[in-house]
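A.B. asks: First, the structure itself, so that you have it in front of you.
There are 2 protein chains.
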Amino acid sequence: MDIKLIKYDENGLVPVIAQDYKDGTVLMLAYMNRESLQKTLDTKEMVYWSRSRNQLWHKGEASGHVQKVLEVRLDCDADAVLLKVEQVGGIACHTGRESCFFRKLEDGRWVGTDPVLKDPKLIYDE
Amino acid sequence: MDIKLIKYDENGLVPVIAQDYKDGTVLMLAYMNRESLQKTLDTKEMVYWSRSRNQLWHKGEASGHVQKVLEVRLDCDADAVLLKVEQVGGIACHTGRESCFFRKLEDGRWVGTDPVLKDPKLIYDE
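Below, the structure is given as structure tokens:
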């Protein structure tokens, strides 16, 4: 399959951007290895490689907030992938926010600007 | 300054997403080190760290297609940065396209879908 074109780094990983298909919000940046990308393409749901847990990470397996893959793009250097997704529940971040990029630099300080849509305790208890 | 919060990788780099401020198009993914991020914040134009040339890379220095910084965001893990920019000339990619993510996966193949807006020869000869 042509996805072999992708250049993985020295750890066998490629950075992946998940972007909301509807409004273009950048939801998160994470990593995939060959296996997780293949699973993502096969299941049409985002399966990352967790660098902290060193294992496949089916996004939403605990929270229910899976990301359904609608489009896959590769950049000119073939070392970054952009996936447009439908974010189930409208929440990508484990803090209960829409996007993981919820902190904005204002006068040299990071300010959490985006609202918490759901208490993480409720997300992970259900 | 609070931007110290950022976690750089073992090479002192952090992945950076440049997103068009107006329409949300993801233009490119590249890397910054501490110095290039500081220059970016000081000059309000994107200054990446070129991993291939191992030097600071003021985006647009050759093409004129600089990226003016309008917003800086950090993710929940503090290991990825999202910058919303005004893309001067409407072209981020060295191939003359709006975005570097111009290849789309279709039936297992990468297909260049986005149009070349300007011949790269003309971009770099001017």
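Going down the list, the protein sequences come from chains A and B.
Its first residue numbered 593, the first sequence is counted upward by one per residue in the working numbering.
Its first residue numbered 593, the second sequence is counted upward by one per residue in the working numbering.
Where a beta carbon is used, it is the ideal one built from N, C-alpha and C, also for glycine.
1) Specify the secondary structure class of MET593 of chain A as computed by DSSP and reduced to three states.
2) Whether or not the stretch 701-712 of chain A and the stretch 643-659 of chain B are in contact is what I'm after, with contact meaning three or more pairs of Cβ atoms, one per stretch, closer than 8 Å; do they touch?
3) Just curious, the beta strand (DSSP E) that LYS676 of chain B is in, first and last residue?
4) Which residues does DSSP list as the beta-bridge partners of LYS696 of chain A?
5) If I'm right that PHE693 of chain B touches ARG665 of chain A with Cβ under 8 Å, what's the distance once you round it to whole angstroms?
6) Which residue comes first and which comes last in the beta strand (DSSP E) that contains LEU605 of chain B?
7) From the DSSP output, in three-state form, read off LEU619 of chain A for me.
8) Between VAL677 of chain B and chain A, is there a C-beta pair that is closer than 8 Å?
9) For PRO712 of chain A, I'd like the list of residues in its chain whose CB is within less than 8 Å of its CB, leaving aside the five on either flank, ordered along the chain.
10) Can you check which of these residues, B:GLN630, B:TYR613, B:LYS651, is closest to TYR716 of chain B by C-alpha distance?
11) Could you check whether the Cβ of THR687 of chain B sits closer than 8 Å to any Cβ belonging to chain A?
12) Can we say the stretch 694-703 of chain A touches the stretch 621-640 of chain A, given the rule of at least three CB pairs closer than 8 Å?
13) So the candidates are B:SER642, B:ASN625, B:ASP612; which of them puts its Cα closest to the Cα of GLU602 of chain B?
14) What did DSSP end up calling SER642 of chain A once you bin it into helix, strand or coil?
15) Cα separation between MET593 of chain A and GLU678 of chain B?
16) Could you have a look at LYS710 of chain A and say whether DSSP puts it in helix, strand or coil?
17) Please confirm if VAL664 of chain A has its CB atom under 8 Å from at least one CB of chain B.
18) Just the chain B side, please: which residues come within less than 7 Å of VAL618 of chain A by C-beta, in chain order?
19) Leaving out five residues before and five after ARG695 of chain A in sequence, what residues of the same chain have Cβ atoms less than 6 Å from its Cβ?
20) Which residues mark the beginning and the end of the alpha helix (DSSP H) in which LYS631 of chain A is found?
21) CA-CA distance, VAL661 of chain A and MET638 of chain A?
22) Using a beta-carbon distance below 8 Å, is ASP634 of chain B in contact with chain A?
23) Just to make sure I have the definition right: I need the residues of chain B whose C-beta is within less than 8 Å of the C-beta of LEU714 of chain A. Which are they?
24) Suppose the cutoff is 6 Å on Cβ atoms and the five residues either side in sequence are ignored; what does the same chain contact list for LEU597 of chain B look like?
25) If distances are taken between C-alpha atoms only, which option among B:ILE683, B:LEU621, B:ASP615 comes closest to VAL608 of chain A?
26) For a contact meaning CB atoms closer than 7 Å, what does ARG695 of chain B contact in chain A?
C.D. replies: On the basis of the supplied data:
1) Bear in mind that the predicted position of MET593 of chain A carries a pLDDT of just 44, short of 50, making it too unreliable to give a figure here.
2) no
3) 673-679
4) Answer by DSSP bridge pairing, in chain order: A:VAL703, B:ARG665.
5) 4 Å
6) Run containing LEU605 of chain B: none; DSSP gives neither H nor E here.
7) Of the three classes helix, strand and coil, the one that applies to LEU619 of chain A here is strand, per DSSP.
8) no
9) HIS686, THR687, GLY688
10) B:LYS651
11) yes
12) no
13) B:ASN625
14) strand
15) Low confidence applies here, because MET593 of chain A scores a pLDDT of 44, under 50, leaving its location unreliable; read the following figure in that light. Those two C-alpha atoms are separated by around 36 Å.
16) coil
17) yes
18) ILE609, GLN611, VAL618, LEU674
19) Apart from sequence neighbours up to five positions away, the residues of its chain that approach ARG695 of chain A with a beta-carbon distance below 6 Å are TRP702, GLY704, ordered along the chain.
20) 626-635
21) So the two alpha carbons sit approximately 7 Å from each other.
22) no
23) The contacting residues do not exist; LEU714 of chain A stays about 18 Å from chain B at best.
24) Contacts found: ALA670.
25) Ranking B:ILE683, B:LEU621, B:ASP615 by CA distance to the CA of VAL608 of chain A puts B:LEU621 first.
26) ARG665, LEU666
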